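Colleague:
Numbering (my numbering), first residue to last: 3 to 320.
#1: What runs of the alpha helix (DSSP H), each 4 residues or longer, lie entirely inside the region 16-72?
#2: On the premise that residue 182 lies in contact with residue 176, defined as a C-beta separation below 8 Å, what is that separation, rounded to the nearest angstrom?
#3: Would you report the Cα separation of residue 217 and residue 249, rounded to the nearest angstrom?
#4: Nearest by alpha-carbon distance to residue 28: which of 44, 64, 43 and 128 is it?
#5: I need the straight-line Cα distance from residue 302 to residue 295, nearest angstrom please.
#6: Can you give the Cα-Cα distance for residue 165 and residue 189, rounded to whole angstroms?
#7: Below 8 Å, can you find three or more Cβ-Cβ pairs linking the region 238-256 to the region 281-294?
#8: Identify whether residue 183 lies in helix, strand or coil by the three-state DSSP scheme.
#9: What separation, rounded to the nearest whole angstrom, lies between the Cα atoms of residue 167 and residue 87?
#10: Below 8 Å on the Cβ atoms is my contact criterion, and I expect residue 240 with residue 223 to pass it. Report the Cβ-Cβ distance as a whole number of Å.
#11: Following a CB-centred definition, is residue 231 positioned closer than 7 Å to any heavy atom of the ligand MN?
#12: Could you tell me which residues DSSP pairs with residue 268 in its beta bridges?
#13: Look up residue 299 in the DSSP assignment and say whether it is helix, strand or coil.
#14: Within its chain, find whatever has a CB closer than 7 Å to the CB of residue 100; leave out the 5 residues flanking it on each side and keep chain order.
#15: Measure the alpha-carbon distance for residue 213 versus residue 11 and round it to whole angstroms.
#16: According to DSSP, simplified to helix, strand and coil, what is residue 203?
#17: Pull up the DSSP beta-bridge partners for residue 214, would you.
#18: Which residues mark the beginning and the end of the beta strand (DSSP E) in which residue 147 is found?
#19: What would DSSP say about residue 14, mapped onto helix, strand or coil?
#20: Would you decide whether residue 313 is buried or exposed? Buried here means 16 or more other CB atoms lie within 10 Å of its CB.
#21: If we ignore side chains and look at the alpha-carbon of each, how far apart do residue 141 and residue 129 end up?
#22: When the Cβ atoms of the region 26-45 are set against those of the region 75-83, are three or more pairs found closer than 8 Å?
#23: My output table needs one value for residue 91: the three-state DSSP class, helix, strand or coil.
#24: Would you kindly report the start and end of the unbroken alpha helix (DSSP H) that includes residue 285?
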């Protein structure tokens, strides 16, 4: 397992160019990580020279780009907008290959839950768009990774396939298991109103990348109090960002499921909203988890997993 980070806390500043991508790379290189996940909007309005300079900066920092965060809107009711989304995704896929090399991944989503778009129609449009991009993914030898998502910060509406049933239906409509898979985000499973580890068991055979974050409840709040009429939770201010391993996600169980399935890919920290100190703490949590769960022989990993599970159960009953 290798660790990358995503500049969640600096996202708005980077998109608005108040902070340069090269400044962020210099900041990220101080962390004990191997990779840097970037966002497609960082490249808006930039040309080939900028992409080349980013590649040089990553190499100088001894970092690779394993994942590109993209938010295509394949469920827009206007066919022209869907075509534009496919073209933009194809462009960022080429940048992903240039910066990340073979086997790097570019995230896809279904799109926004536009008013008036029925489930079946949205699924048809999203599956059609994803399948149309797979020949390019094979040509570039990169992977399209669909995330169980809530909402891009620059979108008007939440993710079309936020609910697990729709997400799983979309997966069933894309057969490719080499150049297409799942980017698992445990915190987004919580916002969808389900247990993150339980959701992972339904998709673990197709997980190719993972974003790691954690959420904690504000004082006096409960998941039930945040639940909306459709069963989802969303980004309530009472569901707060925090250090990975200190929130609602059952990471010992999540890591155990991943290890049992043979997963040994990238995990990207989606943190830093409350500052770099928390991001560093989250990275250290993953480094310790790598030693505990992903290092050594299979027998050692499973034994460590069971020890952690017993310790957690003891803490609950103690």
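We put the CB at the ideal spot given by N, CA and C, even for glycine. Model, not experiment: these values are computed from the prediction.
Modeller: In short:
#1: 23-30 and 50-62
#2: 5 Å
#3: 5 Å
#4: 64
#5: Interpretation of residue 302 is limited by its pLDDT of 37, a score under 50 that renders its predicted location unreliable; no figure is taken from the coordinates.
#6: 13 Å
#7: yes
#8: strand
#9: 24 Å
#10: 4 Å
#11: With respect to the ligand MN, the structure offers nothing, as it holds no ligand at all.
#12: 4
#13: Annotation note: pLDDT 37 at residue 299 (below 50); position unreliable, coordinate value reported separately. Three-state result, residue 299: coil.
#14: 53 and 57
#15: 15 Å
#16: helix
#17: 271
#18: 145-149
#19: helix
#20: Bear in mind that the predicted position of residue 313 carries a pLDDT of just 45, short of 50, making it unreliable; the figure below should be weighed with that in mind. By the neighbour-count rule (16 or more Cβ atoms within 10 Å), residue 313 is not buried but exposed.
#21: 19 Å
#22: no
#23: helix
#24: 278-291
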